[in-house]
Every structure is written in C-alpha cells, then in structure tokens.
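Residue numbers (my numbering), protein chains in the order written: chain C, 613 to 743; chain R, 613 to 743. From the three backbone atoms N, C-alpha and C, an ideal C-beta is built for every residue, glycine too.
2 protein chains.
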Amino acid sequence: MATTRDRQLHDRQLVEQWRSIQNSYFRTAGAIDRALEAKFDIGLNEFEILDLVADSEESACRMKALGERTPMTQSAVSKVVDRLEKAGLVSRQTCVDDRRSLFLELTEEGRALHASAAVEHRALLKENLGS
Amino acid sequence: MATTRDRQLHDRQLVEQWRSIQNSYFRTAGAIDRALEAKFDIGLNEFEILDLVADSEESACRMKALGERTPMTQSAVSKVVDRLEKAGLVSRQTCVDDRRSLFLELTEEGRALHASAAVEHRALLKENLGS
DNA sequence: TGAATGTACATGACGCGTCATTCAATGACA
DNA sequence: TGTCATTGAATGACGCGTCATGTACATTCA
C-alpha cells in the first residue's frame, strides 16, 4: 500500500527526471543553435527543415509531410521555409497533381550549406548527448 | 577501424535519438502548458518558477538563485516574475543585506494555486514521461 | 454540375524569450 | 575616501512560434 511518503518521493523523482530532460534539451538545442547561427547564419529550426528536405530527396508534395516529422506547427514550418527561401537555400515548387500543395527543393547553395552544417550538427549532438 | 558506413549509421542513430528527445520534450511541455493554462491560467514557465519558490521556503535572496536552477535567462525570469506578481501569486521582497537583490515570497493565493497546480503537473509528468 | 465540406498553405496579431543595455548598489584597492 | 570594476535586476527592441483566420484548390454527393 502506497503511503503519503511514497508518493512524495515518487513525485520528487519525477520532477528531477523532468528537470534533467529540460536541461539536456535546452543545453543541446542552445549549443547547436548558437553554433549554426554563428557559422552558417541559420537557426536550429531552419537546419532541421533543411535536414528533412535533404534526406527525402525523392520528390513528393513536401510541406505537408514536413509538418508531420517535426513538432513545429504548420504555420511555423511555413515561416521557416519563408526564411530559407529568402536565404536562397530552398525553393518552393508547385505541385502539378494538387495545386494546393508545394514541394521543396534544395538549391545548390542549400545543398552545400546543408552538407557543412550537418557535420557541425552531428558533432554537437554527439558532444551533448553523450555516447 | 571506422568505415564511412559506420559513421553514417552512427549519425543516423544520433539524429534519431535527438528527434526522440525533441518530441518527448515538446509533447510533455505542450501538454502541461495547455493544461495549466486552461485550469489555472498560468503557463509552464510561470509554474516552474512558482514551484521553485515553493520548495525553497527558507528565505534567501532568491531571484539570483532561481536563475541558476532553470534554463531560463535572467531576463526571462524577471519577466515571468512580473507576470506572477501581477497575478498576485508572488511578491518581491527587498533584501536588507544586499539592496540590489530581491527575494520572492508566495502569497496566500500563490500557495493555494501552487498546491493544486502541482498535483496536475505531477500527474501529467507521470503520464508523459512513462513510469 | 454546383453547393457544401474539407484540405494545403499563407498571413497577421499577439505573447514570450533573448540579447544588449541600463541603473543602482557593492566591492576592491589606491 | 574616491575611483573603477562587478554584480543583481529591469527594460526595450527584436525575432520567432502560435493561434485564428483567410484563400485557393479539391472532393463529395445530390
């Protein structure tokens, strides 16, 4: 039978666990964000989208699919893509079989930047996630 | 000796691990945030500060100490406390031995709200963090 | 076919966190 | 004690994400 003391202990552990997740998330995300910002002038979310586009190189009506692979809102994705497009890293292509949809393509510049940034990204993950 | 293939595999695993952390962080944070917002009209960060103040009930020049226990910026903490104070949940007390510092106290209302919100918070952690 | 409903994406208002800066109070030291 | 550097906290400009909404296209079904 669970005593009050048991429950308090369990709660403490839960909260500890949560704080540790938060810290590791913020530490890692922050480090990557700052590094990418400094070296490539793009933020973490921009990179994440770039990364997703990069590794689904067979064509499809992307925007939609992207939203499903990231915790970002549809609206956030739209704005991130705005920025990527303005930066000339990605281009929106209209989709013939459903003209509401768009799919995305890396530009040459985008492909090049992604290649370098990915190295940095993986390195920082490795460093921050341990292993 | 590590082959190119080895490195690619390892990178994939790293990225998978990272995405899983992101998802679990966003899912959990989002759920708690929405719930607290709906039932108690405070956000997750407000609660976190409330929670920190609540469990360091011996007095000290808090603001500073708070900043060290949370990934939030000093400036963010300051603004969160603004909101908590406006909501009447917390009050800033000037500190006699160092008049630059402030420490925080829960108001009666703050203490009450924290008690209820903490129950919800722990429940959602439990639900989302598994265990 | 055409009205109703649903879907893909964009957009604007808004809230919040960050950075840089500021301000007051302290501390160090000549 | 008067200067200079430092520290705790607040503030304003700014960027980004979210929510609610808008717009164009698609689908369903009578």
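- Take the alpha-carbon of residue 737 of chain C and the one of residue 728 of chain C: they are about 15 Å apart.
- Taken in chain order, the complete beta strand (DSSP E) segments of 3 or more residues contained in the segment 641-720 of chain C are 702-706 and 714-718.
- In this structure, residue 644 of chain R lies away from residue 637 of chain C, with their beta-carbon atoms at least 8 Å apart.
- The Cβ neighbour count for residue 741 of chain R, taken over all protein chains shown within 10 Å, is under 16; the residue is labelled exposed.
- Under the Cβ distance rule, residue 691 of chain R does not count among the residues neighbouring chain C, no pair being separated by less than 8 Å.
- Between residue 734 of chain R and residue 623 of chain C, the C-beta gap is smaller than 8 Å, which places the two residues in contact.
- Contact of residue 626 of chain R with chain C is assigned, a C-beta pair being separated by under 8 Å.
- With the rule of 3 Cβ pairs closer than 8 Å, the segment 684-692 of chain R does not count as touching the segment 714-721 of chain R.
- Within chain R, the C-beta atoms nearer than 8 Å to that of residue 741 of chain C come from 626, 629, 630 and 633, in chain order.
- Neighbours of residue 623 of chain C across chain R, judged by C-beta separation under 7 Å: 734.
- Within chain C, no residue has its beta carbon less than 9 Å from that of residue 652 of chain R; the closest one is some 17 Å off.
- When rounded, the separation of the alpha-carbon atoms in residue 664 of chain C and residue 703 of chain R is 46 Å.
- In the same chain as residue 713 of chain C, and ignoring 5 residues on each side of it, the C-beta atoms closer than 6 Å to its own belong to 673 and 707, in chain order.
- Residue 638 of chain C has a beta carbon lying within less than 8 Å of a beta carbon in chain R.
- Residue 621 of chain C is classed as exposed because its beta carbon has fewer than 16 other beta carbons within 10 Å across all chains shown.
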